[in-house]
Amino acid sequence: MLTLETIICTFSVLSVAARADFKTRNCSEVREACVGKGFSFAHVPLQEIPGEHLRVCPQGNTCCTQEMEDKFGQQSKQDFENLADEMSHELRSTFVSRHKRFDEFFLELLENTERSLNEMFEKTYGTPYMQNSEVFANLFAELKRYYTGGNVNLEEMLNDFWSRLLERMFTLLNSQYVITEDYLECISKYTDQLKPFGDVPRKLKAQVTRAFIAARTFVQGLSVGREVAQRVSKVNSTPACIRALTKMLYCPFCQGMPAVKPCKNYCLNVMKGCLANQADLDPEWNQYIDAMLLVAQRLEGPFNIESVMEPIDVKISEAIMNMQDNSAQVSYRVFQGCGQPKPAGMTRSTRGVSDVFNARFRPYSPEERPTTAAGTSLDRLVVDIKEKLKLSKKFWSNLPEAMCVEDRVTAGNASDEECWNGHTKGRYFPEVQKDGLTNQVNNPEVGVDITRPDTFIRQQIMALRVMTNKLKNAYNGNDIYFQDSSDEGSGSGSGSGCTEVCPTEMDGAATEAPVVEADRSGPVHDSAQLCAPSVVLPTMLALSALALHRQWR
369 MLTLETIICT FSVLSVAARA DFKTRNCSEV REACVGKGFS FAHVPLQEIP GEHLRVCPQG
429 NTCCTQEMED KFGQQSKQDF ENLADEMSHE LRSTFVSRHK RFDEFFLELL ENTERSLNEM
489 FEKTYGTPYM QNSEVFANLF AELKRYYTGG NVNLEEMLND FWSRLLERMF TLLNSQYVIT
549 EDYLECISKY TDQLKPFGDV PRKLKAQVTR AFIAARTFVQ GLSVGREVAQ RVSKVNSTPA
609 CIRALTKMLY CPFCQGMPAV KPCKNYCLNV MKGCLANQAD LDPEWNQYID AMLLVAQRLE
669 GPFNIESVME PIDVKISEAI MNMQDNSAQV SYRVFQGCGQ PKPAGMTRST RGVSDVFNAR
729 FRPYSPEERP TTAAGTSLDR LVVDIKEKLK LSKKFWSNLP EAMCVEDRVT AGNASDEECW
789 NGHTKGRYFP EVQKDGLTNQ VNNPEVGVDI TRPDTFIRQQ IMALRVMTNK LKNAYNGNDI
849 YFQDSSDEGS GSGSGSGCTE VCPTEMDGAA TEAPVVEADR SGPVHDSAQL CAPSVVLPTM
909 LALSALALHR QWR
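Each residue of the sequence shown is one higher than the one before, starting from 369 at the first, in the working numbering.
As structure tokens, then:
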């Protein structure tokens with residue numbers, strides 16, 4: 369009887385142990401987790417099976433078939449790419465939206481300014497203006513072409529505008545004479561000496577060139593930032609990276625622990641290895657952001673395009689008044705230099721025509737200032753962009769940390785013993801690697817070839833470096849010559865477009881002269897020296913400009 373009782377007791381113990389063993393090796397939880405994630409497998413084991421077939425996950429007893437591990441690898445790649453896209457979405461959206469708003473603001477500002485000038489001049493000067501309005505239309509067309517990336521030398525274009533205006537006004541004010549094309553060409557040679565429009569052209573040229581250089585370079589910078597962010601956020605996963613991601617994200621399933629998430633430091637090492645090349649973008653990215661912020665300061669201050677463009681009609685009208693006031697002296701000096709023109713068939717007194725130019729008009733009062741598509745003033749728009757730019761610094765080196773956020777990927781603040789360490793549930797001991805490609809030489813999770821930098825990322829680094837150089841020049845009011853890049857999208861393009869020394873290089877010394885004081889406010893009037901009658905000073909300035917241009921090249 370005792371023997372039978374012993375046998376029954378022993379059998380009962382073995383049965384309980386068997387049921388306990390069966391429970392620990394049951395894969396039903398894994399099956400449910402796979403269904404919850406949308407996997408469709410031909411077969412999921414009911415209980416653990418030998419894992420000799422596995423190539424990534426531990427090869428002990430497992431709940432995974434070969435098919436499951438393969439699909440986990442494909443899903444790991446997709447998860448990683450989706451996560452990188454999600455983490456960079458705000459950055460990309462910022463550059464897209466701010467580029468659009470700035471571009472709309474600037475183009476509508478030009479449109480409003482041209483419409484304002486046209487309406488006021490038509491009202492004030494009437495027929496003489498309407499008959500010569502193409503001179504002003506060409507001015508705004510060239511300014512827009514420059515901003516949108518055209519091959520326009522701003523100083524040359526502005527000089528040409530004042531020459532054309534002088535020719536038209538001289539003809540109107542001397543309508544009793546026959547003014548031929550040859551005679552007009554002679555007049556243009558004396559423009560600098562005559563200064564018929566007073567000091568307005570010199571001041572306006574300094575203000576317009578610096579403001580337009582800053583505005584165009586700034587919108588180009590937003591465009592480059594947008595393109596770089598969009599391209600770099602599309603991560604390219606290497607086989608080693610996919611293997612490490614699979615091990616981190618889905619091998620817990622194979623171990624029968626689908627609810628256990630990776631340890632944070634484990635995740636950081638995987639992400640730093642997978643994003644090593646992206647982290648190398650960070651130093652150049654940070655310099656680019658700093659340069660953008662510098663130009664933004666200029667746009668808020670002395671290079672404010674809004675404060676330059678809105679009163680431009682008043683400034684041009686002032687120049688016309690100067691020409692009117694000095695018309696007799698200007699005509700006398702022209703006649704001395706170019707000879708007396710032939711009288712017209714029917715002479716008229718210039719008094720009637722010149723009276724047309726006597727009226728002056730006021731600028732817009734504050735309540736009449738035009739609104740823009742951006743719905744705000746330039747100052748508020750730039751402040752908003754600056755705040756967003758500051759937040760984007762160190763984005764690429766911080767990306768691994770952002771991707772290993774608690775509850776999304778990792779166990780977060782859970783106990784060190786309650787997370788997946790790549791082999792089992794427990795503490796992760798290896799130290800976290802530093803950022804960048806060269807620091808991954810000893811990465812314990814991802815095999816990274818530090819001798820082969822990603823050429824695509826290097827191209828983006830170079831694009832940022834070139835843009836940073838443009839921005840630094842624009843900060844000092846300087847335009848550098850470079851070819852248009854179709855990769856930079858809307859708002860991109862070259863400065864004056866000169867790849868060699870331009871014919872007007874000496875005339876452009878005012879724009880090319882560096883600003884010594886970074887915070888200087890108000891227009892720079894160095895270009896006035898170019899109009900001086902002295903021969904020595906303009907020659908010295910021209911030689912200095914040529915030397916500086918060659919140095920920058």
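Cβ atoms here follow ideal geometry from the backbone N, Cα and C, with glycine treated the same way.
query                                                                                                          : result
Residue 691 beta carbon less than 8 angstroms from that of residue 698                                         : yes
Delimiting residues of the alpha helix (DSSP H) encompassing residue 843                                       : 823–843
Residues sharing a beta bridge with residue 788, DSSP                                                          : 630, 793
Pair within 8 angstroms by beta-carbon distance, residue 836 and residue 678                                   : no
Where residue 712 falls, given that 16 or more other Cβ within 10 Å makes a residue buried                     : exposed
Distance CB(residue 621)-CB(residue 398) smaller than 8 angstroms                                              : yes
Short Cβ contact (8 angstroms threshold) for residue 778 with residue 640                                      : no
Residue 472 CB to nearest heavy atom of the ligand MN below 7 angstroms                                        : Only the bare structure without any ligand can be found here, which leaves the ligand MN out of the picture.
Where residue 708 sits in the DSSP three-state scheme                                                          : coil
Spatial distance of residue 810 from residue 665 (CA atoms)                                                    : 43 angstroms
Top-ranked residue by Cα proximity to residue 687, from 573, 632, 610                                          : 573
8 angstroms Cβ cutoff met for residue 464 and residue 441                                                      : no
For residue 553, the three-state DSSP class (helix, strand or coil)                                            : helix
Start and end residues, alpha helix (DSSP H) containing residue 486                                            : 457–493
Minimum C-alpha distance to residue 479 - residue among 466, 671, 515, 447                                     : 515
Touching by the beta-carbon criterion (3+ pairs, under 8 angstroms), the region 607–622 and the region 428–448 : yes
Beta-carbon proximity list for residue 671, same chain, < 6 angstroms, skipping 5 on both sides                : 578, 579, 582
Cβ-Cβ separation, residue 496 to residue 540 (assumed contact under 8 angstroms), whole Å                      : 6 angstroms
Cβ-Cβ separation, residue 513 to residue 520 (assumed contact under 8 angstroms), whole Å                      : 5 angstroms
Proximity to residue 845 [Cα-Cα], best of 471, 576, 747                                                        : 576
Same chain, Cβ closer than 7 angstroms to residue 757, five either side skipped, listed in chain order         : 657, 660, 661
Local Cβ density within 10 Å of residue 555, reported as buried at 16 or more and exposed below that           : buried
Counterpart residues of residue 415 in DSSP-defined beta bridges                                               : 394
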